[in-house]
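To start, the structure itself, in structure tokens.
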Amino acid sequence: MTTHADPNAEKPHAAATQRPEACPCGGAVPEAAAQPAQKHKRGNASAQAPRFSDCCGRYIDGGAPAPRALELMRSRYSAYVLGDTGYLRATWAPHTCPADLDVDRGAPDSPRWLGLQIKRFTPIDDTHAEVEFVARYKTGGRAHRLHESSRFLRGDDGRWRYVDGDVSDR
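Here it is as structure tokens:
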């Protein structure tokens, strides 16, 4: 008997996608908390991104829960860069996760992510937090910026999940 994989089945988030050496999030920290060495100009060799396995890889591939909404935000950015739909679904609040979520990096119109900047991290209480960020990307040869204030909720299982966000033109 021959079995065929369901083409609509979701890929596991510990996908066999090739993982980068450097973490796509760059180890982004809120601007107010950044050390002078982290406030660098693009291309400064003295400021290196952390290893993926030591940063977002612990959450995406290792299954460890992100300890705060800040780390979850960074790992979700990295998951977008890697095209890891499974991880994005697993870290999205079920009541707000879109049914048609698909971040296939191979799609012709898929964005090429260029960088993440954390503007602000605000823990509200033990179960609520907000992260303001700017993600830079290119589509169709044009550069864009996604500036969003995201809301996160920690569930009864202790895991943080993305709920929603407000996109800004600032």
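Counting from 58, one number per residue, gives the positions in the sequence shown under my numbering. Backbone N, C-alpha and C fix where the C-beta goes; we use that ideal spot for every residue, glycine too.
What residue does the beta strand (DSSP E) around residue i start on, and which one ends it?
| i | result |
| --- | --- |
| Arg-177 | 169-180 |
| Arg-193 | 185-196 |
Are the CB atoms of residue i and residue j nearer to each other than 7 Å?
| i | j | result |
| --- | --- | --- |
| Glu-187 | Ser-206 | yes |
| Phe-109 | Arg-162 | no |
| His-201 | Val-191 | no |
| Ser-135 | Pro-81 | yes |
| Glu-189 | Arg-177 | yes |
| Ala-121 | Arg-115 | yes |
| Tyr-194 | Trp-149 | no |
Hey, how far is the Cα of residue i from the Cα of residue j?
| i | j | result |
| --- | --- | --- |
| Trp-170 | Asp-182 | 31 Å |
| Ser-132 | His-185 | 18 Å |
| Gly-179 | Ala-79 | The sequence given here places Thr at residue 179; Gly does not occur at that position. Taking the straight line from one Cα to the other gives about 26 Å. |
| Met-130 | Leu-158 | 17 Å |
| Asp-141 | Asp-214 | 22 Å |
| Ile-175 | Gly-83 | 11 Å |
| Asp-118 | Arg-211 | 20 Å |
| Cys-113 | Gly-143 | 15 Å |
| Ser-225 | Leu-145 | 22 Å |
Could you give the first and the last residue of the continuous alpha helix (DSSP H) run that contains residue i?
| i | result |
| --- | --- |
| Ala-79 | Element bounds for Ala-79: n/a, residue is neither H nor E. |
| Ala-89 | Run containing Ala-89: none; DSSP gives neither H nor E here. |
| Leu-145 | 142-147 |
| Arg-115 | 114-117 |
So residue i and residue j are supposed to be a Cβ contact under 8 Å. How far apart are they, rounded?
| i | j | result |
| --- | --- | --- |
| Leu-139 | Ala-85 | Contact flag wrong, Cβ pair sits at about 16 Å. |
| Ala-233 | Phe-209 | Residue 233 is absent from the structure shown; the chain starts at 58 and stops at 227. |
| Ala-147 | Trp-217 | About 11 Å; that fails the 8 Å criterion. |
| Thr-153 | Asp-221 | 5 Å |
Pull up the DSSP beta-bridge partners for residue i, would you.
| i | result |
| --- | --- |
| Asp-223 | Ser-206 |
| Ala-136 | None; Ala-136 has no bridge partner. |
| Ala-200 | Lys-195 |
| Arg-211 | Trp-217 |
I want to see whether chain C comes within less than 7 Å of residue i, judged by CB atoms only; does it?
| i | result |
| --- | --- |
| Val-224 | No chain C is present in this structure, which holds just one protein chain. |
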